[in-house]
Each structure stands twice: as C-alpha cells, then as structure tokens.
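Step one of this worksheet: look at the structure below.
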Amino acid sequence: MRFKTLSIHAGQGPDPTYGAVMTPIYQTSTFAFKGVEQPGTFDYSRSGNPTRKALENCLAALEGGTHGFAFATGMAAEATFLAMYGPGDHIIVHDDLYGGTYRLLTTVIAEKGVTIEFVNLRDLDAVRKAIRPSTKLIWLETPTNPLMNLQDLGAVAAIAKEHKVHTICDNTFLSPYFQRPLDFGIDVVLHSTTKYINGHSDVVGGALITSDPVLAEKIGFLQNGMGTCSGPLDCFLVLRGVKTLAVRMEEHNKNALGIARWLDKHPKVESVLHPGLESHPQHALALKQMSGYGGTFSFRVKGGQAETFRLLGNVELFTLAESLGGVESLIEHPWTMTHVSMPEDARAAMGITQNLVRISVGIEDLDDLIEDLDRAFAKV
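In my numbering, the protein residues as written are 26 to 405.
Here's what the structure looks like:
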C-alpha cells in the first residue's frame, strides 16, 4: 500500500471485539489470563497494549521498517535506546543537534562512561577519521535543529557498515512522509511523535523504528524493563493524528517554502536557512534524499538580540512557544528557549546566534502568516 493508505490502515484494522473502526483506547493496566500458565496476547500494559501495538505497527509501516516502539516522550525513546551503551563505548554525534539530545548525551550518558564525540558529519572524511575500535554508534539528525544542516544518509550509513557501527537518525523534522532513513541504510529511526506525526500539539510521545531483529529485541527488552512506553490514551491520539499526516505535511511544506522565499527577499533578514531554497549549500542533497522540506526552518534577523526580540514580541498569529509540527504556527528563539540547556560556548560554536529565529509553519492561510510577519517586521 502507498503512504496515504498506510497512514490510515496500517496496524489499524477494525477491532475484532465489536468491529470498532477507530482503534479503541485499551485503558487497562492488566489483562486476564486464559488459565493458569496461559497468558493471552497481552498480560500487562507496560509489556504491551493493543492501542500501543496498533501505533507501533503503523509507524513501522510508514518508515518501511519491521519493528516499531512507542515511548512516553521523544527523550524517553532516546534514553531507552542509549541505555544499551556503557563504559568504554564511543558514540559519534553530529555537532549540530537538538538541545535536549545534547544535554542527555553530555550528562546522563557521558556519566555512564560513554565517550561522546561531536563531529561534523557533513564531512565524510571527518566521519572516517573519528571511528575507533570502540565506536558503537553514529547519531544523525537531518535536517538539524535549528540550523537546517543535512547529512548524507546513504554515505554515512555506508561508512558505518564498513566498520560494523550502528546508525540512528532523528527524522522528526520531516516525518516519514518526506524522508525514510531506513531506505538509505540507516539502522534505527527516531521520532518525537509530539511533532508532525501527531500534529495537534495535544500529546507528547516518541518512537523508534528498525528492521534489524537484533536491535529490535534489545529495544523491546529495554522498553519493557525501563517502563518508558507510551500510555494507551496518548497512543490513541497519535494514531488519530497520523491519519492526516500526508495532507498536513503537504500544507506545512507549501506554506514554509512560501514564507522562506518571502523572507529571503526581506531587507531586515540577514539569511534564511531552508534546504528548499536554491541558495542552501546542501540543496542538491535535499533533492536527493528528501521528497519535501517540512514546515520548520530558521532565519537570522539583521541586527542582534534586541531587534530579534522586537520581532518575536510583535507577532500575533504566530505563537511564541517551543515545540513544532502542530497545525498552528509557532515562533521561537533557540538561544533562550529550545537550546538554552546548552552552554553558551557550545551554542556559539554550533552557530546558534542571538539573532536566530526558528519557525514552525502551520497550515493556516499563507497570506495571513506573511502579513503577520510583515506587521511584526515593521516594528523592528
């Protein structure tokens, strides 16, 4: 089946008990055994739940994987996956990434004795040089949050396989509708389902998807052992959201590209970081591995923090808030919001400046969004 059909039907057949078309919310902690030493398909909701299983099967199908796992948050998915690494292990991470991931890696995971090395994964020679005998994982995020840099999924995956190193890619910004990392040889795909997959800013969640049976067994064991799974109500909400993923992503993509082109010509904008623009240094790679650009991107305001804060303080339709991927448009300041957990020198080294703004473009009317930004820029 094709993507739009899978998003509505994969893992979501009519419920066998009463024929419910929408997957029911199995809001139960435990399930009755059929008899002594005769458990049913499910026995305890931490270990498995029909609502969660429907979501996990759906997400696996959308990413082209065979095993899906749903978690309470995106960070729960990350923490669970990283729990399989320990003292002496070496993990290579792209040097431009989400602030929460940076915090988890440099504190919780590093304190376990895991060596975290930040490398520019756009430089394939640097990737090769960074690999050691102790290297166990390469962590990708493409496009990156918030600088919209890309990594060549196929090239990095090929290098990793040469050295028997696993790869994981955060695919939150594009969703499987616009990019499927497993198709390029990546071993595990990560999502914050809070974002585009759910799409309605009313639930938090995470997911891991793989086609590697060994990794799947390890992830499943850790999900159960650590208790980081998503609850049935949250899974139901994400299942509801994913049904409209394709149509939402088309609107997000169209609106974001329209605003990016408008900003690119604005006299008060220093630069626009959007891989769909021909001026983006990796535009050719975007065309190669992405079928669209998503709805989130960044730009720099001419001037400094004062001018940037005037813009942020004068929007009306855009909501000043963290997160992304909802049907409503959001605007935020990475330096003081999503990436504030990173040390200032790390932010500066990454390229996060005080005049950088990230927007998550919703599915409102494009002209209304542009007019809102235009009114706000008039006060800068």
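Even for Gly, the Cβ is constructed at its ideal location relative to N, Cα and C.
Arg-153 versus Val-214: straight-line alpha-carbon distance, rounded: Your numbering for residue 153 matches position 128 in the sequence shown. Your numbering for residue 214 matches position 189 in the sequence shown. Cα to Cα, the separation comes out at about 22 Å.
Phe-58 classed as buried or exposed, judged by whether at least 16 other C-beta atoms fall within 10 angstroms: If you number the sequence shown from 1, residue 58 lands on position 33. Exposed, because fewer than 16 other Cβ atoms sit within 10 Å of the Cβ of Phe-58.
Terminal residues of the beta strand (DSSP E) in which Val-382 lies: Within the sequence shown, numbered from 1, the residue matching residue 382 stands at position 357. Segment 381-385, the beta strand (DSSP E) holding Val-382.
Closest residue to Leu-165 among Thr-48, Leu-349, Pro-39, Asp-148 (Cα-Cα distance): As a working note, residue 165 is residue 140 in the sequence shown. When each option's Cα is compared against that of Leu-165, the closest is Asp-148.
Inter-residue spacing [alpha-carbon to alpha-carbon] between Phe-67 and Gly-250: Residue 67 sits at position 42 when you count from the first residue of the sequence shown. Residue 250 sits at position 225 when you count from the first residue of the sequence shown. Each residue's alpha carbon lies about 16 Å from the other.
Buried or exposed by the 16-neighbour rule on C-beta atoms within 10 Å, applied to Ser-159: Against the sequence shown, residue 159 aligns to sequence position 134. So Ser-159 counts as exposed.
Reference Val-382; option with closest CA among Gly-301, Lys-293, Ser-316, Cys-194: Locating residue 382 in the sequence shown gives position 357, where the first residue counts as 1. Minimum Cα distance to Val-382 is reached at Lys-293.
Burial state of Gln-52, where buried means 16 or more other Cβ atoms lie within 10 Å: The count along the sequence shown starts at 1 and reaches residue 52 at position 27. That one is exposed.
For Thr-235: DSSP bridge partner residues: Taking the first residue of the sequence shown as 1, we reach residue 235 at position 210. Bridge partners of Thr-235: His-92, Val-213.
Given Leu-337 as reference, the closest of Leu-178, Met-47, Asp-399, Leu-282 once Cα atoms are compared: Counted from its first residue, the sequence shown places residue 337 at position 312. The option with the nearest alpha carbon to Leu-337 is Asp-399.
Bridge partner(s) assigned by DSSP for Gln-52: Taking the first residue of the sequence shown as position 1, residue 52 is located at position 27. Beta-bridge partners of Gln-52 (DSSP): none assigned.
Helix, strand or coil at Thr-132 [DSSP, three-state]: Sequence index remark: in the sequence shown, residue 132 carries index 107 (1-based). Helix at Thr-132.
Ala-182 versus Phe-402 - alpha carbon distance: Counting from 1 along the sequence shown, the entry for residue 182 is found at position 157. Counting from 1 along the sequence shown, the entry for residue 402 is found at position 377. C-alpha separation (whole angstroms): 42 Å.
Exposure of Lys-186, with buried meaning 16 or more beta-carbon neighbours within 10 Å: Reading the sequence shown from its first residue, position 161 is the one you call residue 186. When all chains shown are included, Lys-186 counts as exposed.
Exposed unless 16 or more other CB atoms sit within 10 angstroms - verdict on Thr-105: Here residue 105 refers to the residue found at position 80 of the sequence shown. Answer is buried; the Cβ neighbour count reaches 16.
Alpha-carbon to alpha-carbon, Pro-368 and Glu-332: Numbered from 1 along the sequence shown, position 307 holds the residue referred to as residue 332. Numbered from 1 along the sequence shown, position 343 holds the residue referred to as residue 368. When rounded, the distance between both Cα atoms is 23 Å.
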